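Take the sequence shown: its letters are residues 0 to 664, numbered as in numbering that gives the first Met the number 0.
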Amino acid sequence: MNPNQKRNLKSELGNVFSEISLGFNLKNLGYLPRWLILFFDMVIIVVSGIITYLLFQGLKLQYIPKEHIAFGVVFYLSINVFFFWLYRTYSGIIRHSSYIDALKLFFSQFSTFVVLIVLNFIVIILDKQKIYMTTGAFINTILSFSFLFFYRIIVKQSFEKFFGDSNLIKKTNAIIYGSDANATAVANALLAENPRRFKLLAFIDKNNQNTTKRILNLPILHSKKSIAVLMRSLKAEALIIADNSLTKDERLAIVDECIDYGFKVFTIPVVSDWDDQKEISKNIKNFEIHDLLERKPIVLDTNSISTKLKGKTILVTGAAGSIGSEIVRQVINFSPKKIIILDQAETPLHTLSLEILQMDNTVTVKNVIADIRNFEILEKIFELHKPNVVYHAAAYKHVPMMEENPSQAIFTNVLGTKNVADLSQKYEVERFLMISTDKAVNPSSVMGASKRIAEMYVQSKHYKNKTLNPNQYTKFITTRFGNVLGSNGSVVPLFTKQIQEGGPITITHPEIIRYFMTIPEACQLVLEACSMGNGGEIYIFDMGKPVRIIDLAKKMIRLAGFTPDKDIKIKIVGLRPGEKLYEELLNDSAKNLATHHEKIMIAEEKNEKFEVILDSINALVHLSNEGNNDQIVSKMKWLVPEFKSLNSEFQTLDIEVKEYYVYTK
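Set out below in structure tokens:
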């Protein structure tokens, strides 16, 4: 036999012996075959019986009379096997043993004890001599249950200590912030997790009421000391926030302190499903930048919104975008009759359509691939579907791109808006709502100026029609807000991608600041504004406090577990064409009025006459067809005098337009 044949024979023999298995190996003690568990249980039963017999023999007492010992042993073993089978005590996975398994063992042994007593009673009646001493049977039952129970605990703990998968993975030392039922449920879920991600060290009690006690054999710490000090003292690496009584400010203070000292922070929703605690650990997630910027839940006037939307046909332009798609998701909750989702992006529109079908099958969804710049196609859509409410979210929004392509900004943001607004009036749409931006305020870019012109057209159209027809049907409304977290092309997804790639994070200027909202928050306010509007208003939203982009970047780096400018570099690349250091929500000459909703205000803007705006838009479209960028932007600056270009090739046009504007006035 040559060496190759020998190796092949050894390999085949190895495969054969690996297949001949008793169903377990040392690394799979948690998956012992049922017959083996039953065998071990019976060994324990025999041992406890022998101990009981010897114990009473030492006391000169007979647990089982010698003349009945053969029957007594066989019956004792048989009845144990029967109740093991009846209660399925051997069917559980040992490493996952729980109090349910303990109860099964207790009932099996208690049932065995009851049968032995009943047998004694029957035998006494027939033979006047007991087979088992009652005290001996009781002690035997206690010993059997104890040995069976502790055997499972020993195997479970041994498995977790020596053979569990969690020992192969480095666990994160963590402290749980909170000591209530929610925090305890989280801790139990994490302890039951396999493989374990966290090694729990302690709980923190905000109210300092339970610090002399322990939960799950873990200490409860005072929160009077700094969180960072507590974590360093226990060599913790992460904090899991499970206290839902924390205010937003308290939560943010804790998170800021942790990330400043390089500790990871995790959060979890409220544990409401107490029957499904295995799902709790899956919901524990890294604290994200969205969590830092979340504000109090918005209280909507659902009755008013429902009145405007229920049973109606809704058209959403730009429906495949981040704002448009969220509007669609929220509108569905108010039971419209039909939703027309319109966009020119095929794949995102298809994805949204599939998502809607899974959400609500009672709403008719019409997918329309169309360009709002094409009036004829749009008119066919209005004529066919006759929408009652229009949410106009379609727009080009990237500032540097529009700075290079002014004509496209005019075609989409201005002419597209004019087309949708004109058709809304012609086909007697009840409400037309346009999504605008804070970049339209004192615009410094072509994109911002184009959105301001669209605002002016929509607002002036409403007042013009109202003058001609006080009972006009269509209410034209505009909403204006800042940056939206997670929207396509926003800084948060960009920074996330740059962090994942190891950096650097690129920032245009160290002092640049922006307002931020979450997508759902912004769209909720859009629905509210649309329902409350009487027409002609420009609604602005409470955007909270402005955020320095460089601070946002540093927090995102720390939340990802890195150190800014050490692990992940921050690179300043300079302001892009048309970009401001800060955005505004009101023009210099405007003021805002309060509404019944604390987060929504009305901007009082000066407006040109409708005829002037209409003529200017027609001129802009003509210039855009010719493709002369300087002429396009000059006309935009004439129509929007506050439009002052920044970091742009069009800055030289500001002086010329200013002189012309003053002269013509």
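Using N, Cα and C, we set each Cβ at its ideal position, and we do this for glycine too. Just so it is clear, the structure is predicted and the values come from calculations on it, not from any experiment.
Measuring alpha carbon to alpha carbon, tell me which residue in 574, 594, 547 and 511 is nearest residue 536.
594
Note down, one range per segment and in chain order, each beta strand (DSSP E) of at least 3 residues found wholly within the region 325 to 392.
List check, beta strand (DSSP E) in window: 337 to 342, 363 to 368 and 388 to 391.
Is residue 72 close to chain C? Criterion is C-beta to C-beta, closer than 9 Å.
No chain C appears in this structure, which consists of one protein chain only.
Give me, in chain order, the residues of the same chain whose beta-carbon lies closer than 7 Å to that of residue 622; leave out the 5 immediate sequence neighbours on both sides.
630, 631 and 634
Taking all protein chains shown into account, do 16 or more other C-beta atoms lie within 10 angstroms of the C-beta of residue 675, making it buried, or fewer, making it exposed?
Examination of residue 675 is not possible in this model, given that the chain is present from 0 through 664 alone.
Quick one, which of 306, 348, 303 and 177 has its alpha-carbon nearest residue 315's?
348
When DSSP labels each residue in this structure, what does residue 221 get in the three-state scheme?
strand
Does residue 87 pass the burial test, meaning 16 or more other C-beta atoms within 10 Å, or should it be called exposed?
Residue 87 comes out exposed.
Assuming residue 387 and residue 428 are in contact, meaning their beta carbons sit under 8 Å apart, how far apart are those beta carbons, in whole angstroms?
7 Å
I need the straight-line Cα distance from residue 78 to residue 58, nearest angstrom please.
27 Å
Residue 239 and residue 185 closer than 9 Å at C-beta:
A contact, by the Cβ cut-off of 9 Å.
What is the rounded straight-line gap between the Cα of residue 481 and the Cα of residue 171?
Cα-Cα distance, rounded: 38 Å.
Would you tell me roughly how many angstroms separate the C-alpha atoms of residue 450 and residue 582, rounded to the nearest one?
14 Å
Whose C-beta lies closer than 8 Å to the C-beta of residue 577 among residues of the same chain, with five residues either side of it excluded?
398, 399, 401, 402, 443, 444, 445, 446, 447, 644, 645, 646 and 647.
Short check: CB of residue 649 to CB of residue 628, under 9 Å?
yes
Where residue 596 and residue 200 are concerned, what is the direct C-alpha to C-alpha distance, given to the nearest angstrom?
45 Å
Out of curiosity, what's the CA-to-CA distance linking residue 231 and residue 559?
19 Å
Which listed residue (599, 322 and 553) has its alpha carbon closest to that of residue 542:
599
Give the DSSP-derived three-state secondary structure of residue 401 in the structure shown.
helix
Three-state class that DSSP yields for residue 231 in the structure shown:
helix
Can you check which of these residues, 555, 131 and 476, is closest to residue 459 by C-alpha distance?
476
Span separating the alpha-carbon of residue 619 from that of residue 638
10 Å
For residue 452 and residue 609, I'd like the C-alpha separation in whole angstroms.
11 Å
Among the candidates 266, 68 and 384, whose CA atom is the shortest distance from the CA of residue 174?
Answer by Cα proximity: 266.
Reduced DSSP category for residue 517 - H, G, I as helix; E, B as strand; rest coil
Here residue 517 carries a strand assignment [DSSP, helix/strand/coil].
So residue 435 is in the beta strand (DSSP E); what residue range does that whole segment cover?
430 to 436
Please state whether DSSP places residue 451 in a helix, a strand or coil.
helix
In angstroms with no decimal places, state the Cα-to-Cα distance between residue 113 and residue 179.
41 Å
Terminal residues of the continuous alpha helix (DSSP H) containing residue 671?
Since the first residue of the chain shown is 0 and the last is 664, residue 671 is not available in this structure.
Range of the contiguous alpha helix (DSSP H) that encloses residue 600
From DSSP, residue 600 is part of no alpha helix (DSSP H) but of the beta strand (DSSP E) over 599 to 603.
Less than 6 Å between C-beta atoms, sequence neighbours within five positions excluded: which residues of the same chain meet that for residue 138?
51
Have a look at 65, 62, 110 and 143 and flag the residue whose alpha-carbon is nearest the alpha-carbon of residue 40.
143
Mind checking which residues open and close the beta strand (DSSP E) that includes residue 172?
171 to 176
Given residue 665 as reference, the closest of 45, 204, 454 and 217 once Cα atoms are compared:
Outside the modelled stretch of the chain, which goes from 0 to 664, sits residue 665, for which no answer is possible.
If you check the beta carbons only, do residue 431 and residue 420 fall under 9 Å apart?
yes
Segment limits, beta strand (DSSP E) that includes residue 479
474 to 480
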